[in-house]
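Line by line, the protein sequences give chains A and B.
Taking my numbering as reference, the numbering of the first sequence is continuous, increasing by one, and the terminal residue is 131.
Taking my numbering as reference, the numbering of the second sequence is continuous, increasing by one, and the terminal residue is 131.
Here is the structure we will look at.
There are 2 protein chains.
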Amino acid sequence: MSLDTTFSALADPTRRAILARLARGETTVQDLAEPFAMSLPAISKHLKVLERAGLISRSREAQWRPCRIEPRALKDVDDWLDHYRRFYDESFERLDSYLRTLQAGRSAKQPNKLPRTKVRTKESGHGRKK
Amino acid sequence: MSLDTTFSALADPTRRAILARLARGETTVQDLAEPFAMSLPAISKHLKVLERAGLISRSREAQWRPCRIEPRALKDVDDWLDHYRRFYDESFERLDSYLRTLQAGRSAKQPNKLPRTKVRTKESGHGRKK
């Protein structure tokens, strides 16, 4: 599977909604089609795109052929993102720092007036440690 | 910016290569075009797609109009992936566990014959802690 195919498959809201549904558990094409007010062939087409991208698989054994999420392609996206994490981790750290400064200034003027801003500290960080 | 636009922009190897180049520092369109053996208009077209997707920005001030990575859209992809991390974290944990079992069995039969498999432990885990 290539990142081209994966990103291309993910660039569609219906396909992402199908993945979100499958994140709750494997299911049939019929059940997947229901909330989308789409024909079965239309849903099947989306499933084929997801399947070709390695994002889902369909059982060949069970008669109801359940679909399920395949993690490999999503993991590839995550690995690709690794090269860029430092950009948003850094920039969000700067924002946090700015918000803290802002809040400190406001708190000094208006004590007990503002709710505590939820800021991210290094300790609770979103950053992925290698 | 929508995930549709972001994923669609990322579904192209040249555009991902441009991002990889920009990860090393901001640069001009001329410098970006060089390694691709592409015309400036062709590169500019890719840059416009990346810019519309909020993945890069171009300075309006400096005369050489440097391009740089914008982290927000990449962060959105990362946040979207959060819903699926447990799938590959779990499945890779199962694989790790299987490899460990396999290795333990082989090591017992052929001591000092196999290199140590690099396995991920919970402590060094890839998983993002919230």
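By construction, the Cβ of each residue, glycine as well, lies at the ideal position given by its N, Cα and C atoms.
query	result
Exposed unless 16 or more other CB atoms sit within 10 angstroms - verdict on A/N113	Here the model assigns A/N113 a pLDDT of 46, short of 50, so the residue's position is not dependable and the matter cannot be decided.
Min CB distance B/S9 to chain A below 8 Å	yes
Test item: CB-CB of B/R69 and B/E35 under 8 Å	no
Near the ligand NAD: A/Y99 beta-carbon under 7 Å from a heavy atom	Inclusion of the ligand NAD in the displayed structure is not the case, the ligand content being empty and no account of it being possible.
Members of the segment 63 to 89 of chain A near chain B, C-beta cut-off 8 Å	I70, P72, R73, L75, K76, V78, D79, W81, L82, H84, Y85, R86, F88, Y89
Residue range of the beta strand (DSSP E) that includes B/R69	68 to 70
Supposed contact pair B/L23 and B/R17 - C-beta distance, whole angstroms, cut 8 Å	Actually they are not in contact, since the Cβ atoms of B/R17 and B/L23 sit about 11 Å apart, beyond 8 Å.
Segment contact flag, the segment 46 to 54 of chain B with the segment 30 to 46 of chain A, C-beta cutoff 8 Å, min 3 pairs	no
Limits of the unbroken beta strand (DSSP E) element including B/S58	57 to 59
Selected residue, minimal CA-CA separation from B/W65, among B/V30, B/F8, B/E91, B/T6	B/V30
Backbone secondary structure at A/T15 - three-state DSSP	helix
Among B/E52, B/V50, B/I57, nearest to A/F88 - alpha-carbon criterion	B/I57
CA-to-CA distance, B/R73 to B/E91, given in whole angstroms	28 Å
B/T102 (DSSP reduced to helix, strand or coil)	helix
Alpha-carbon spacing of B/D5 relative to B/L51, whole angstroms	12 Å
Chain A residues whose Cβ lies nearer than 9 Å to that of B/R95	Going along chain A, no residue has its Cβ under 9 Å from B/R95, so there is no contact; the nearest lies around 10 Å.
For A/L82 and B/D79, believed in contact at Cβ under 8 Å, the rounded distance	6 Å
Unbroken alpha helix (DSSP H) run spanning B/S45, endpoints	41 to 53
Which of helix, strand or coil DSSP assigns to A/T28	strand
Proximity test, Cβ basis, 8 Å: B/P36 and chain A	no
Reference B/R86, options A/T7, A/E62, A/L33, A/K76, closest by Cα	A/K76
A/T7, buried or exposed, once every other Cβ within 10 Å from all chains shown has been counted against 16	buried
Burial state of A/S60 (16 or more Cβ within 10 Å)	exposed
Separation of A/A54 from B/L20, as counted between CA atoms	22 Å
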